[in-house]
Structures are given as structure tokens and as C-alpha cells.
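Protein chains in written order, with this note's numbering: chain A, 104 to 216; chain B, 40 to 153.
One structure below.
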């Protein structure tokens, strides 16, 4: 049973546009929601993360929006650039589970010049 | 700092062979994890460890074994390689402590079983 559902599977946007990736979770014990960025041939790298006590977190062009009641969170990439082309994974974990990460299936983002 | 280092980067095995995927970290992290990544499936947790001498199963442990004799090293063992174990394997580590600590990943081992 997939505990973190991610959509869309793939996304194509034009340079300068907004990229939006959505995730939904089921386990209310989750208390940490990171987004990872992965380039081909590399391991995932932490992009931005949020805790459920805030509704939004912004770091540069990247913003996480969090809706605790709906058990949903999303990543917004403003002014998308070709260098943002990568696979993005949402994830969730809890201290009670020894911080094991449960990942979404990933979104392949392509930003066209 | 090298971070999390995985070796080898690539490997081809024949069915039934065994091998050990190496993972070492130089950040003095207590927590270490092994994931496998299959196309379109995200990352699935195989085994994890909360410290030297302590290991536990993740979501997909069948066909694998681990050991943790030191804080730095967390090798993953495949005893009888099967085609279903063709995947990209990632090791990660995490500092012990507060919730808001990220897992740091290596660059993976790409394994093909033929």
C-alpha cells in the first residue's frame, strides 16, 4: 500500500513558467515532509523540507505548500529554468519510525528553453 | 568531506552469484539506510540501522542482508542474485536527533543481474 501518492508522473513546462508537483499522504504520524531532487546518474539530494506546524515554506524559487487537514503538500517551482530539469520526489517520515523515509514515485520535470 | 560513498558504481552479476555493495560515510551519522530505486517506482527501503550493531528490515528486505560493525560502514549483501534484484541501490545516512534532519544519499550502485 502506497503511503505517499505523487502526481503527475511527468511534467513539461516552458522556461519561466511555474512547475507544480502534488503529493498526498495517509499516515497521520508523519511529521517531516522533504522534497528531493535527483539528476541522472546521481543520488537524490534534499531540496526543501517542511514540518506540519507551518503551511508554507519558501527557499528562493522553491516553495512547499502544506495542507494538514487534507493531508496534502505540493512543490512549486517559480520561474522554472532548464537546469531544474530533474526527477523530483516527495517523501514523508516520522521520528517514531526511526526517520525512515516513505517516497512518492517521482515526477520527471522537463523545462524547455 | 566525502559524505556518503558507494562502491562499486556499476556491476553485472550472473544469476545465483553473490556480492556485497559497500557504503561508507564520514559524517559520524548514527542512522544509515539502504534503498532500491526501480523506474517509476520511487525508492523502497531495504534495511536500515540506528547505530553500530543494530539493524532492522525495511519494506523490501527479502534476498538481502546487512551488517553494521562500525558507525561508518553499512554493507548490503546479495546472497543469490536474481533478475528481480536488477536495480539502482542507494545508501543514505542521517544525523541522530531532531526530526528536521535530512538523509544524505550516495550516488548509487547500478546493478544488473543477467
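Note that beta-carbon positions come from the ideal geometry of N, C-alpha and C, so glycine has one too.
The structure presented is a predicted model; accordingly, all values stated were derived computationally and were not measured.
Using only alpha-carbon positions, find the residue among the options that is nearest to residue i.
i                      : options                    : result
residue 59 of chain B  : B/83, B/115, B/133, B/153  : B/115
residue 197 of chain A : A/136, A/160, A/149        : A/136
residue 150 of chain A : A/165, A/143, A/156, A/144 : A/165
residue 145 of chain B : A/111, A/212, A/142, A/167 : A/142
residue 43 of chain B  : B/54, B/55, B/52, B/65     : B/65
residue 165 of chain B : A/203, A/144, A/212        : In this structure chain B extends from 40 to 153, so residue 165 of chain B is not present and cannot be described.
residue 138 of chain A : A/212, A/163, A/192        : A/192
Near residue i, which residues of its chain fall below 7 Å by C-beta distance, leaving aside the five closest residues on each side in sequence?
i                      : result
residue 125 of chain B : 150, 151, 152
residue 184 of chain A : 118, 214
residue 117 of chain B : 57, 58, 102, 103, 124
residue 89 of chain B  : 69, 70
residue 121 of chain B : 54, 102, 152
What distance in whole Å lies between the Cβ atoms of residue j and residue i, which are believed to be in contact at a cut-off of 8 Å?
i                      : j                      : result
residue 131 of chain B : residue 108 of chain B : Going by Cβ atoms, the distance from residue 131 of chain B to residue 108 of chain B rounds to 19 Å, so no, they are not a contact pair.
residue 146 of chain A : residue 129 of chain B : 5 Å
residue 107 of chain A : residue 194 of chain A : 7 Å
residue 109 of chain A : residue 121 of chain A : Their Cβ separation, rounded to whole angstroms, is 18 Å, which puts residue 109 of chain A and residue 121 of chain A out of contact at 8 Å.
residue 87 of chain B  : residue 201 of chain A : 7 Å
residue 140 of chain A : residue 148 of chain A : 6 Å
So, for residue i: in the same chain, excluding its five sequence neighbours on each side, which residues have a beta-carbon less than 6 Å away from its beta-carbon?
i                      : result
residue 169 of chain A : 153, 158, 176
residue 50 of chain B  : 150
residue 158 of chain B : This structure leaves residue 158 of chain B out entirely; chain B is present only between 40 and 153.
residue 133 of chain B : 68, 70, 140, 142
residue 133 of chain A : 195, 197
Using 10 angstroms around the beta-carbon of residue i, count the other beta-carbons present and answer buried if the total reaches 16, otherwise exposed.
i                      : result
residue 119 of chain B : exposed
residue 209 of chain A : buried
residue 113 of chain A : exposed
residue 115 of chain A : exposed
residue 93 of chain B  : exposed
residue 161 of chain A : exposed
residue 189 of chain A : buried
residue 187 of chain A : buried
residue 199 of chain A : exposed
residue 147 of chain B : buried
Grab me the residues of residue i's own chain with a C-beta within less than 8 Å of its C-beta, minus the 5 sequence neighbours each way, in chain order.
i                      : result
residue 84 of chain B  : 72, 73, 74, 97, 98, 99
residue 130 of chain A : 106, 195, 197, 205
- [ ] Quick one: which unbroken beta strand (DSSP E) runs of 3-plus residues sit fully inside the stretch 114-163 of chain A? Chain order, please.
- [x] 122-128, 136-141, 148-153, 159-162
TODO: Please go through the stretch 92-130 of chain B and give each complete beta strand (DSSP E) segment of 3 or more residues, from N-terminal end onward.
DONE: 93-96, 103-105, 115-117
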